[in-house]
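Residue numbers (this note's numbering): 4 to 177.
Think of the CB as a built atom: it goes at the ideal place given N, C-alpha and C, for glycine as much as any other residue.
Since the structure comes first, as structure tokens, the remarks are kept for the end.
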């Protein structure tokens, strides 16, 4: 009797996994493969950088204050590795990297592409989400429970599928 119940339960679990895989898992797997940072090197290899005109680096010139005519260029929404959603999309940029890049220093992307602004920004705002502050430090602790280890793995693994699940869970809360 117990053997029959266990086999029935195992069959139901396998059926649930199969339905889940073909219903949702396959789409998430394909989405992950299409947007994975692992494909970045292959994508960059297909680029022909000789067709891109790269302007010369301009020095930052501070103009005297004029409230009617000064124009400032910057970025008010920059995320770094301190934001969970940025990490899930493959961001490896630190806060210090973001500030250096905004000042005109060159940066190499995870896929190997060298990037640099043609002129420094006048301002930049690092707008990381507070929910993940301290996460990188806590996930390095050795006394984590199994559930905490699983959460850390999910939150530190660049994966569009995990982001989609988090987004769906947040939408259900609304």
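Between the CA atoms of residue j and residue i - distance to the nearest angstrom
i	j	result
residue 165	residue 139	18 angstroms
residue 86	residue 132	5 angstroms
residue 88	residue 173	13 angstroms
residue 157	residue 12	28 angstroms
residue 117	residue 19	46 angstroms
residue 134	residue 5	46 angstroms
residue 150	residue 144	13 angstroms
residue 26	residue 81	35 angstroms
Burial state of residue i, where buried means 16 or more other Cβ atoms lie within 10 Å
i	result
residue 121	exposed
residue 79	exposed
residue 94	buried
residue 162	buried
residue 16	exposed
For residue i, the first and last residue of its enclosing alpha helix (DSSP H)
i	result
residue 104	98-105
residue 20	5-23
residue 149	149-159
residue 140	138-141
residue 47	43-49
Residue interval of the beta strand (DSSP E) (run including residue i)
i	result
residue 77	77-81
residue 90	From DSSP, residue 90 is part of no beta strand (DSSP E) but of the alpha helix (DSSP H) over 87-91.
residue 129	126-129
Selected residue, minimal CA-CA separation from residue i, among the options
i	options	result
residue 128	104, 146 and 109	104
residue 91	15, 170 and 53	170
residue 64	46, 81, 37 and 74	74
residue 52	144, 115 and 106	115
residue 160	142, 48, 148 and 23	142
residue 109	126, 70, 148 and 59	59
residue 124	112, 76, 68 and 130	76
Proximity test, residue i beta-carbon vs the ligand ADP heavy atom, cut-off 8 angstroms
i	result
residue 154	Because no ligand of any kind appears in the structure shown, any question about the ligand ADP cannot be addressed here.
Exercise. Could you say if the stretch 95-115 and the stretch 27-35 meet the contact criterion of at least three C-beta pairs nearer than 8 angstroms?
Key: no
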